[in-house]
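Going by this note's numbering, the first residue of the sequence shown is number 2, and it counts up by one from there.
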Amino acid sequence: MTTITGGCLCGAVRYEISAEPLTMRVCWCRDCRRFAGNGSPNALFRRDAVTLTGTLATFSRSADSGNVVDMKFCAACGSQVFGEIAAKPGFMTVRAGTFDDSSLFKPVANIWVSSAPNWACMNEDIPKFERQPPPPTAK
Ligand SMILES: [Zn+2]
Ligand SMILES: [Zn+2]
């Protein structure tokens with residue numbers, strides 16, 4: 002099984018993930034673009050597969066999907082590392098820009114493309130969803 006490691010820009014926050022992602026998608030919603038500066042590469046994991054060290058700060062927001070999302074970022078350097086949805090406590094998203102090995106991010110869809118800017122570059126070989134897609138099937 003793959004072990005995925007990663008962390009924030011300054012190195013204060015590190016994580017190790019001992020499971021395959023449940024899904025990997027690039028999100029173009031307005032909030033993700035504000036945080037990520039572009040489409041955000043998000044990988045979804047079971048929460049209990051993620052081992053975390055370091056201090057995270059949290060910003061909670063109401064997402065376009067209707068969920069309250071806790072955005073978790075390094076308290077020292079501000080890098081966006083995780084997202085957690087209060088209503089789905091067993092899961093967390095990891096911003097794949099923080100993976101040590103960037104090639105481990107293999108997006109299967111672009112989501113919220115209705116919010117994408119006209120200069121967005123997307124992989125045309127994977128599906129696009131105008132808004133929130135159905136949840137991934139359990140593995
Ligand atoms: Zn940091
Ligand atoms: Zn988003």
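For each residue, glycine too, the CB sits at the ideal point set by N, CA and C.
Because the structure is a prediction, the values reported are computed rather than measured.
Practice problem: Could you tell me whether the stretch 39-50 touches the stretch 62-69, using the rule of 3 or more Cβ pairs below 8 Å? | Solution: no
Quiz prompt | residue 37: CB within 6 Å of a non-hydrogen atom of ligand 1 | solution = Residue numbering aside, residue 37 sits at position 36 when the sequence shown is read from its first letter. Answer for residue 37: no, Cβ out of range of ligand 1.
Exercise. Compare the C-alpha of residue 121 against each of 30, 14, 16 and name the closest.
Key: Here residue 121 corresponds to residue number 120 of the sequence shown, with the count starting at 1. Per the Cα distances, 30.
Quiz item: What did DSSP end up calling residue 92 once you bin it into helix, strand or coil?
Solution: Translated into positions along the sequence shown, residue 92 becomes position 91. Look at residue 92 here: in three-state DSSP terms it is strand.
Quiz prompt | 6 Å Cβ shell around residue 111 - same chain, five flanking residues per side excluded | solution = Translated into the one-based positions of the sequence shown, residue 111 becomes position 110. Taken in chain order, the residues that qualify are 27, 123, 129.
Quiz prompt | Where the beta strand (DSSP E) containing residue 36 begins and where it ends | solution = Sequence index remark: in the sequence shown, residue 36 carries index 35 (1-based). Per DSSP, residue 36 belongs to no beta strand (DSSP E); it is in the alpha helix (DSSP H), 31-37.
Quiz item: In angstroms, rounded to a whole number, what distance separates the CA positions of residue 78 and residue 55?
Solution: By 1-based counting over the sequence shown, the position of residue 78 is 77. By 1-based counting over the sequence shown, the position of residue 55 is 54. Going from the Cα of residue 78 to the Cα of residue 55 covers about 12 Å.
Quiz item: Are residue 83 and residue 58 close, meaning C-beta to C-beta below 7 Å?
Solution: Looking up residue 83 in the sequence shown gives position 82. Looking up residue 58 in the sequence shown gives position 57. No, the Cβ-Cβ distance between residue 83 and residue 58 is not below 7 Å.
Quiz item: Of all the beta strand (DSSP E) runs that stay within the bounds of the stretch 39-117, which reach a length of 3 or more residues?
Solution: 41-47, 51-54, 57-63, 69-75, 81-86, 92-96, 110-112
Practice problem: Would you be able to state if there are at least three C-beta pairs under 8 Å between the stretch 5-19 and the stretch 84-92? | Solution: no
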